[in-house]
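See below for the structure under consideration.
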Amino acid sequence: MDGMVINMDDCKLKTLTQIEEFLRGTGELFHVSKEERYPLVERTLTRFGYEKLARKEKGVILRYLERMTGLSRQQVTRLVHQFQETGTVRLGYQTPRRGFQRVFSSGD
């Protein structure tokens with residue numbers, strides 16, 4: 001694990017100015033767990049009305065999500081695109097439970 005996993009309540013960050021201050025004041029110490037990533041991204045994009053923000057403000061939100069989730073810029077951008085298309089952010093791919101079916105029986 002490269003960072004510390006913290007269950008953080010980010011509800012106190014209500015304005016973009018507060019997020020910018022948060023980004024200036026923190027290093028690479030915050031990463032939410034894998035299970036909390038997608039709800040955090042969806043909640044943040046909804047709360048700040050991402051689609052209505054100016055380009056510079058969208059950049060602030062992207063940097064915040066990168067810092068909080070530990071994901072790369074491209075990964076965050078994909079999640080934002082998913083949110084814009086569907087209105088939700090979900091884990092994109094899950095492996096099939098059974099995978100390939102057996103062709104031969106154990107007696108062959």
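When you number the sequence shown by the UniProt record's numbering, it's gap-free, plus one each residue, and the end is 108. For glycine and all other residues, C-beta sits at the position ideal for the given N, C-alpha and C.
Restricted to the region 16-83, not a single beta strand (DSSP E) segment is unbroken, complete and at least 3 residues in length. Taking a contact as a CB-CB distance under 8 Å, the pair Met-68 and Leu-91 does not count as one, their CB atoms being some 17 Å apart. Our two residues, Lys-14 and Lys-56, have alpha carbons roughly 17 Å apart in a direct line. Shown here, Thr-86 sits in a helix according to DSSP, grouped into three states. At the C-beta level, Thr-77 and Glu-42 stay beyond 8 Å of one another.
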